[in-house]
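Mind the numbering: the sequence shown is residues 0 to 356 in numbering that gives the first Met the number 0, read in order. Beta carbons are placed, not taken as given, at the ideal position from N, Cα and C, and that holds for glycine. These numbers were taken from a predicted model, which means no experiment stands behind them. Reading through the structure tokens given below for one structure.
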Amino acid sequence: MITLEVGLGDRSYPIFIDDGHLKKIGADLSERRVGDTYCIIADDRVAELYGDKLLDSLADAGIKSELLQFPRGEASKTLQTISELASRLAGKGLGRKDGLIALGGGVTGDITGFLAAIYMRGIPFVQVPTSLLAQVDSSVGGKTGVDIPEGKNLVGAFYQPKAVYIDSGVLTTLPHEEMLSGMAEVIKYGIIRDHQFLCFLEDNKQKILDHHPEILGKMIHTCCRIKAEVVEADERESDLRRILNFGHTIGHAVEAASNFAILHGNAVAIGMVAAARISVAKGVLTDSEADWICSIIRKFGLPTEVPKELDRKAIKKYLSTDKKSVGGRIFYVLPTSIDRIIITDEISEQQVDNVLG
Ligand SMILES: NC(=O)c1ccc[n+]([C@@H]2O[C@H](COP(=O)([O-])OP(=O)(O)OC[C@H]3O[C@@H](n4cnc5c(N)ncnc54)[C@H](O)[C@@H]3O)[C@@H](O)[C@H]2O)c1
Ligand SMILES: [Zn+2]
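Spelled out as structure tokens, the structure:
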């Protein structure tokens, strides 16, 4: 088992990574005493696949728990779901000394974390991420929240979990396209922080896609270590944490312009290549470095270009309304050599037009 710590003073917490870890969570929680009893929150698909396993693990450790389900998908990430789940928690008599367990992907983690932050003015929770995206990104860092009609993630809170339990074994049931989409975030860490890691990904592509436990553990560990380092240095996203938005400025616009038909990671992959091409145009990255970034992304079956049929005007409209465009300025996170980045708003419209193609 791999253990690492997110160091945030009295809000510090451990991350455990292991193949088959799900069945050990009860034993760890009985020592850690996060709550007296627990409500496990999961979407319908993950509840069916792993709900009983986690319930059994807690029961074996003598801990009382119940499972609450909601329908899978981003459409559930609403205040309505929060309100319904809060009523169900209250109906079950869940109190201040009890805890929540987020069992699922990023949607479940964001919903459960936000619910934990506001139910009875805050109760403890732990993350049990089951999608690759959640294991390498959303379960660490304490960003929680829901969508409103005006935009994604517009209502939420910074609220850290008490522990993150990552079972790499559950990725075997994750749909292949969700696995690839998560790989875009994995590649992102390599580009922004760790050149060696990119080489590791390139060398181990097949083992990763074949769910080789040791390789997956190592990969998830590196991502969590980088995310933890960034979060420790900048918990509330004032500066450094923005490097995690690499590929996301154009990525978000592409995702939104496709009406979310393009998966998040695929859009981020397109956004990372676009950012690299802008870097080349600005003279801060060589052509061959940009080509290398592009080839790794392509190797994992991810797209590297904005689809022909996507309306460029719509992408540009979303770019200018992106919440990161503060005071009308759009900030781009650009690679300057393979493992360094700059954040700048000095990008001409022409440069953006050129990369959108
Ligand atoms: N809080 C953060 O820092 C942060 C960071 C990035 C993304 N997010 C959020 O995360 C969400 C996306 O997360 P996601 O991609 O995990 O989506 P998701 O939670 O909807 O999961 C994707 C799909 O995979 C299924 N699934 C999950 N684990 C599975 C498994 N082991 N086996 C089979 N199926 C499984 C789910 O049922 C779902 O249908 C977005 O709402 C995004 O805003 C949050
Ligand atoms: Zn992302």
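In three-state DSSP terms, what is Asp146?
-> By 1-based counting over the sequence shown, the position of residue 146 is 147. Reduced to three states, the DSSP call for Asp146 is strand.
Between the beta-carbon of Thr129 and the beta-carbon of Val169, is there less than 8 Å?
-> Working through the sequence shown from its first residue, we reach residue 129 at position 130. Working through the sequence shown from its first residue, we reach residue 169 at position 170. Cβ distance < 8 Å, so Thr129 and Val169 count as in contact.
How long is the line joining the alpha carbons of Ser86 and Ile165, rounded to whole angstroms?
-> As a working note, residue 86 is residue 87 in the sequence shown. As a working note, residue 165 is residue 166 in the sequence shown. Their Cα atoms are separated by approximately 29 Å.
Does the separation of the CB atoms of Ile261 and Val253 fall below 8 Å?
-> On the sequence shown, residue 261 is found 262 positions in, with the first residue counted as 1. On the sequence shown, residue 253 is found 254 positions in, with the first residue counted as 1. Yes. Within cutoff.
Where Arg241 falls: helix, strand or coil (DSSP) = Here the question's residue 241 lines up with position 242 in the sequence shown. In the structure shown, Arg241 sits in a helix (DSSP, three-state: H, G or I).
Would DSSP call Gly181 helix, strand or coil?
-> Reading the sequence shown from its first residue, position 182 is the one you call residue 181. The three-state reading of DSSP puts Gly181 in helix, counting H, G and I together.
When DSSP labels each residue in this structure, what does Asn203 get in the three-state scheme?
-> Position 204 of the sequence shown, counted from the start, is the residue given in the question as residue 203. Coil, per DSSP.
Express the C-alpha separation of Arg240 and Gly92 in angstroms, rounding to a whole number.
-> Counted from its first residue, the sequence shown places residue 92 at position 93. Counted from its first residue, the sequence shown places residue 240 at position 241. Spanning the two alpha carbons is a distance of roughly 38 Å.
Nearest neighbour of Gly144, chosen from Asp136, Pro123, Ala273, Ile117 [CA to CA] | Mapped onto the sequence shown, residue 144 falls at position 145. The option with the nearest alpha carbon to Gly144 is Ile117.
Spell out a yes or no on whether the region 304-318 and the region 218-232 are touching, meaning 3 or more CB-CB pairs, one atom from each, closer than 8 Å.
-> Result no; under three Cβ-Cβ pairs closer than 8 Å.
Expressed to the nearest angstrom, what Euclidean distance is found between the alpha-carbon atoms of Ser287 and Arg31?
-> Residue 287 sits at position 288 when you count from the first residue of the sequence shown. Residue 31 sits at position 32 when you count from the first residue of the sequence shown. Taking the straight line from one Cα to the other gives about 49 Å.
For Glu345: DSSP bridge partner residues | Here the question's residue 345 lines up with position 346 in the sequence shown. Bridge partners of Glu345: none, in fact.
C-alpha distance - Gly105 paired with Leu67, whole-angstrom precision | Counted from its first residue, the sequence shown places residue 105 at position 106. Counted from its first residue, the sequence shown places residue 67 at position 68. Their backbone Cα atoms lie some 16 Å apart in a straight line.
Within 10 angstroms of its Cβ, does Met271 collect 16 or more other Cβ (buried), or is it exposed?
-> By one-based count along the sequence shown, residue 271 stands at place 272. Result: buried.
Determine the closest residue to Phe157 out of Ala74, Ile186, Asp193, Leu7, with distance taken between C-alpha atoms.
-> Translated into the one-based positions of the sequence shown, residue 157 becomes position 158. The residue with the shortest Cα to Cα distance from Phe157 is Leu7.
Burial state of Asn258 (16 or more Cβ within 10 Å) = Translated into positions along the sequence shown, residue 258 becomes position 259. It counts as exposed.
What is the DSSP secondary structure of Ser366, reduced to helix, strand or coil?
-> Nothing about residue 366 can be reported from this structure: the residues present for the chain run from 0 to 356 only.
Skipping 5 residues on each side, what residues in its chain have a beta carbon closer than 8 Å to that of Leu132?
-> Start at 1 with the first residue of the sequence shown, and residue 132 comes out as number 133. Excluding residues within five positions, the ones whose Cβ falls inside 8 Å are Gly104, Gly105, Glu177, Ser180, Gly181, Glu184, His263, Gly264.
Helix, strand or coil for Phe299, going by three-state DSSP, please let me know.
-> As a working note, residue 299 is residue 300 in the sequence shown. Note: Phe299 maps to coil in three-state DSSP.
Per DSSP, Glu47 is paired with what?
-> Taking the first residue of the sequence shown as position 1, residue 47 is located at position 48. Glu47 is not bridged to any residue.
To which residues of the same chain is Gly155 closer than 6 Å at the C-beta, ignoring the five residues directly before and after it?
-> Here the question's residue 155 lines up with position 156 in the sequence shown. Around Gly155: Phe113, Thr143, Gly144.
Candidates Leu84, Leu318, Gln126, Arg44: closest to Leu173 by CA position = Here residue 173 refers to the residue found at position 174 of the sequence shown. Ranking the options by Cα distance to Leu173, first place goes to Arg44.
Are Gly34 and Gly98 close, meaning C-beta to C-beta below 8 Å?
-> Within the sequence shown, numbered from 1, the residue matching residue 34 stands at position 35. Within the sequence shown, numbered from 1, the residue matching residue 98 stands at position 99. Yes. Within cutoff.
Going by DSSP, which residues form a beta bridge with Gly98?
-> In the sequence shown, the residue the question calls residue 98 occupies position 99. The partner list for Gly98 (beta bridge, DSSP) reads Tyr37.
Would you check if the distance between the CB atom of Ile277 and the CB atom of Val354 is smaller than 8 Å?
-> By one-based count along the sequence shown, residue 277 stands at place 278. By one-based count along the sequence shown, residue 354 stands at place 355. A contact, by the Cβ cut-off of 8 Å.
Among Ile1, Val5, Met0, the one whose alpha carbon lies nearest that of Asp233 | Locating residue 233 in the sequence shown gives position 234, counting from the first residue. Checked all of Ile1, Val5, Met0; the closest Cα to Asp233 is Val5.
Spell out the partners DSSP gives Glu65 in its beta bridges.
-> Counted from its first residue, the sequence shown places residue 65 at position 66. Beta-bridge pairing by DSSP links Glu65 to Cys38.
Hey, is Asp109 close to ligand 2, as in C-beta under 7 Å from one of its heavy atoms?
-> Position 110 of the sequence shown, counted from the first residue, corresponds to residue 109. No, since every heavy atom of ligand 2 falls outside the 7 Å radius drawn around the Cβ of Asp109.
Extent of the continuous beta strand (DSSP E) run through Ser336 | Translated into the one-based positions of the sequence shown, residue 336 becomes position 337. Start and end: 331-336.
Rounded to whole angstroms, what's the CA-CA distance from Val127 to Arg95? Just pull it up for me.
-> For the purposes of this step, residue 127 is identified with residue 128 of the sequence shown, where counting begins at 1. For the purposes of this step, residue 95 is identified with residue 96 of the sequence shown, where counting begins at 1. If you take the alpha carbons of Val127 and Arg95, they lie about 21 Å apart.
List the residues that DSSP assigns as beta-bridge partners of Gly103.
-> Locating residue 103 in the sequence shown gives position 104, where the first residue counts as 1. Gly103 is bridged by DSSP to Pro128.
Straight-line CA distance for Leu21 to His194?
-> As a position in the sequence shown, residue 21 is number 22, starting the count at 1. As a position in the sequence shown, residue 194 is number 195, starting the count at 1. Spanning the two alpha carbons is a distance of roughly 32 Å.
Own chain partners of Cys293 with C-beta closer than 8 Å, once the 5 adjacent residues on each side are dropped = As a position in the sequence shown, residue 293 is number 294, starting the count at 1. Around Cys293: Val272, Ala275, Thr303.
Beta carbon of Leu200, beta carbon of Ile219: below 8 Å?
-> Working through the sequence shown from its first residue, we reach residue 200 at position 201. Working through the sequence shown from its first residue, we reach residue 219 at position 220. For Leu200 and Ile219, no; Cβs fall outside 8 Å.
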